[in-house]
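Each residue of the sequence shown is one higher than the last, beginning at 79 in the numbering used here.
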Amino acid sequence: MMASRRSFIKTAGSLTVMFSLEYTGLFASGSKMNDPELPEVLRRHPSLSAWLEVLANGSVRIFTGKVELGQGLCGAIAQVTAEELDMKVSQVEVVIADTRRTPNEGFTGGSFSTENSVLSIRYAAAAARRELMDLAAAALKVPINDLQMADGKVSVKPDGRSMSFFALLEGRILMSEVRLPLQLKPKEQYHTAGKSVHREDFKKMIIGAETYIQDLRFPEMLHARTVSPPAYDSRLLGYDESILNKVSVLKTIVNGSFLAVICEDEYQAVKAQQQLSEKARWSESQKTTAAKSMPELLKSLTVVTHKVKTAPAPFPEDSNSIKAAYYKPYVMHGAIAPSCAVALYKDGLLEIWTHSQGAYPLRDIISRLVKIPPGQIQVTCVRGSGCYGHNGSDDAAAEAALIAVAYPGRHIRLQWSREQEHAWEPYGTAMYMELEAVLAKDGKIAHFRNSVWSDTHYIRGSQGYLNVEALLASPIERKKNPAGSGGYRNADLYYSISNQTVTGQTGVHYEIFVRAFCDSNGDGIGDLNGVTSKLDYLKDLGVSAIWLMPV
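(1) Please name the residue or residues paired with L427 in a DSSP beta bridge.
(2) Start and end of the alpha helix (DSSP H) containing F243?
(3) Below 8 Å on the Cβ atoms is my guess for P307 versus S326; work out the distance and round it to an integer in Å.
(4) Relative to the alpha-carbon of N182, which residue among K144, L480, I554 and I523 has its alpha-carbon at the smallest distance?
(5) Can you grab the Cα-Cα spacing for the pair R491 / A478, in whole Å?
(6) Can you tell which of V409, D224 and V138 has its C-alpha closest to the C-alpha of R239?
(7) Please classify I222 as buried or exposed, where buried requires at least 16 other C-beta atoms within 10 Å of its C-beta.
(8) Determine which residues share a DSSP beta bridge with G316 and list them.
(9) Candidates D318, A228 and F244: which alpha carbon is nearest V332's?
(10) What are the boundary residues of the alpha helix (DSSP H) that E477 is part of?
(11) So, using beta-carbon positions, are Q435 and H489 closer together than 9 Å?
(12) Report buried or exposed for Q353, applying the criterion of at least 16 other Cβ atoms within 10 angstroms of its Cβ.
(13) What is the rounded straight-line gap between the Cα of A180 and the Cα of A419?
(14) Quick check on I654: does DSSP put it in helix, strand or coil?
(15) Excluding the five sequence neighbours on either side, which residues of its own chain have a C-beta within less than 8 Å of the C-beta of S363, listed in chain order?
(16) Work out the CA separation of L260 and Q226 for me, nearest whole Å.
(17) Counting Cβ pairs closer than 8 Å, one from the region 169–180 and one from the region 207–220, do we hit at least three?
(18) Spatial neighbours of K357 within its chain, please: C-beta separation below 7 Å, excluding the five flanking residues on both sides.
(19) So E512 and A413 are supposed to be a Cβ contact under 8 Å. How far apart are they, rounded?
(20) With DSSP as the reference, label V172 as helix, strand or coil.
(21) Exposed or buried, Q498, counting other C-beta atoms within 10 Å across all chains shown (16 or more means buried)?
(22) Whole angstroms is fine: what's the gap from V132's alpha carbon to P264's?
(23) For a test of the three-state rule: what should DSSP assign to S378, helix, strand or coil?
(24) For the region 109–163, list the alpha helix (DSSP H) runs that are entirely contained and at least 4 residues long, ordered along the chain.
(25) Name, in chain order, the residues that DSSP records as bridge partners for H525.
(26) Could you tell me the alpha carbon to alpha carbon distance between V95 and V457, rounded to whole angstroms?
(27) Here's the rule I'm using: 16 or more other beta-carbon atoms within 10 Å means buried, otherwise exposed. How should Q351 be labelled?
(28) Take every Cβ of the region 439–450, pair it with every Cβ of the region 190–198, and state whether three or more of those distances are shorter than 8 Å.
(29) With M165 as the anchor, note down where its beta strand (DSSP E) starts and where it stops.
(30) Would you tell me roughly how many angstroms separate the C-alpha atoms of T388 and S529, rounded to the nearest one?
(31) For a quick check, are the C-beta atoms of S417 and G462 less than 9 Å apart?
(32) For I285, is the classification buried or exposed, using 16 other Cβ atoms within 10 angstroms of its Cβ as the cut-off for buried?
(33) Between which residues of its own chain and A655 is the CB-CB distance below 7 Å, once the five residues before and five after are set aside?
(34) What residue from E146, L422 and R527 has the CA that sits closest to F296's CA?
(35) Return the chain-ordered list of same chain residues with a C-beta closer than 6 Å to the C-beta of Q551, the five sequence neighbours on each side being excluded.
(36) Leaving out the 5 sequence neighbours to the left and right, which residues in its chain are closer than 8 Å to Q346 when beta-carbon positions are compared?
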């Protein structure tokens, strides 16, 4: 089925479909389902137009709800598409997460992009190939077996007659749904996938061309800077307004303890930020501790204890057990460039450009923050310079949105300082672990106890976890995660041990510490330094000893 060109929005000789696909979780759910053997996200969004668009210049535009973080996602998508449609990689354009145009694929994280998005696009490209070949067979009046596809065209093998993809569509857009069975290209026929290809984006990075969110500029754009408090619970008591007379400040924004300035020139904004930082008065932090070390502090905090696993037999407290403790400090991601965002509020529409890892989740957070319906907020993801985990991109976008709403009609560019980036980004949480084991007579582990102290490891999209939410005159309450959110996800061992007791005290992955515990105490724990003994503990899992996570 194809829809008339008049049913869609014209842009630059192409047809672009606008999306408003609601987010309900890490992998957003939906009511429309397709064949259960297709990737989950494709079952939710089975329309070809959600993934693929044929352009007038002979190229193909692909839409992914994921974000390019430097992991090579766009290159993988281009290769897969080029393979299934027998095109050059240079003929494939990839559009990353954008609430106006792409499917809602939640966050980019957990190594799921290839498994979900890239595979979905491969199926969509194969479905597009099938429909284009059917159209060509009808238009050229030949059997499909007499046709071949190459470089954006379908041609007749015997006489060379051909039609471009765009001509076959006659100004319309593919509107069929991706359904199985689909004929995917056999591996032995690959010409692009699995091979090194030219990456035009690499060239832009190397020569310093405009590539990242930090490079983004708009006509008559204004520059903003925020003033951060000295501590999380510090509150703004006041500031010397007279110092702003020395700098051309267009507007000073104060909302509770959220303090920001807007200037015509970026250097002026930086100077105003520096002067306000020196002269602003803040309340002293009430969060003090007498702990001498971070492990001691972690154990002293008020915690919620989660019983992850309880052994059928009680732990023999008077036994001669083997004990060890491990500690992981808070870890800074250390992004190459400070977090940045651009926002524009005009005619009731809030537009945001960000290097967030989730366009739709961020839209919902900002909707709650600025009291604007999600349908009146557009979030466009742009590459960020350096992302090694959860950086301050969401925070910067939220702050830019607040500033833009307070000063409508002009693009507002907000960039954190280097100091703000390294002080206020969401650090990887610290962890403290206490492990204890008791051996049976045969030297095997009979009882194992694992206790972990950790804060949450997953806060994206959670209410109240952005820095600015706590600073507002009407703070947004932080919703606690009752499950501990990743603090003990590896505490329940893969090993087959009959009596395991696991508790999590929550306020990273640490399988490596468990292995280190077994290895360093190998003399006492049978032959755990040997591979055979480790496999013995895996025997009842029904899984391979080596597990490869998809990238």
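Glycine included, each C-beta is placed from N, C-alpha and C at the ideal position.
The short version:
(1) K424
(2) F243 to L247
(3) Not confirmed; about 25 Å, so no contact.
(4) For N182, the nearest C-alpha among the options comes from K144.
(5) 7 Å
(6) D224
(7) The residue in question, I222, is exposed, as its Cβ has fewer than 16 Cβ neighbours within 10 Å.
(8) R359
(9) D318
(10) S471 to A484
(11) no
(12) Counting the other Cβ atoms within 10 Å of the Cβ of Q353 gives 16 or more, which makes it buried.
(13) The sequence given here places Thr at residue 180; Ala does not occur at that position. Distance between the alpha carbons of T180 and A419 is about 20 Å.
(14) The displayed coordinates of the chain run from 79 to 629. Any statement about residue 654 would go beyond what the structure contains.
(15) P308, A309, Y310, D311 and S312
(16) 17 Å
(17) No, the region 169–180 is not in contact with the region 207–220.
(18) Closer than 7 Å at Cβ, skipping near neighbours: Y317, D318 and I321.
(19) With 8 Å as the limit, E512 and A413 do not qualify as a contact, their Cβ atoms being about 33 Å apart.
(20) strand
(21) buried
(22) Taking the straight line from one Cα to the other gives about 24 Å.
(23) helix
(24) 118–122 and 151–162
(25) H525 is bridged to V516 and N577.
(26) Confidence at V95 is low in this model, with a pLDDT of 32, below 50, so the placement of that residue should be treated as unreliable; the coordinate-derived value is given next. Those two C-alpha atoms are separated by around 16 Å.
(27) With at least 16 other beta carbons inside 10 angstroms of its own, Q351 counts as buried.
(28) no
(29) It is not in any beta strand (DSSP E) - M165 carries neither H nor E in the DSSP assignment.
(30) 12 Å
(31) yes
(32) By the neighbour-count criterion, in which 16 or more other beta carbons inside 10 Å mark a residue as buried, I285 falls on the exposed side.
(33) With the chain represented from 79 up to 629, any question about residue 655 goes unanswered, as that position is not in the structure.
(34) L422
(35) One detail in the question is off: residue 551 reads as Ala in this sequence, not Gln. Within the same chain, and ignoring the five residues on either side of A551 in sequence, the residues whose Cβ sits closer than 6 Å to its Cβ are N333 and G334.
(36) H301, V325, S326 and V327
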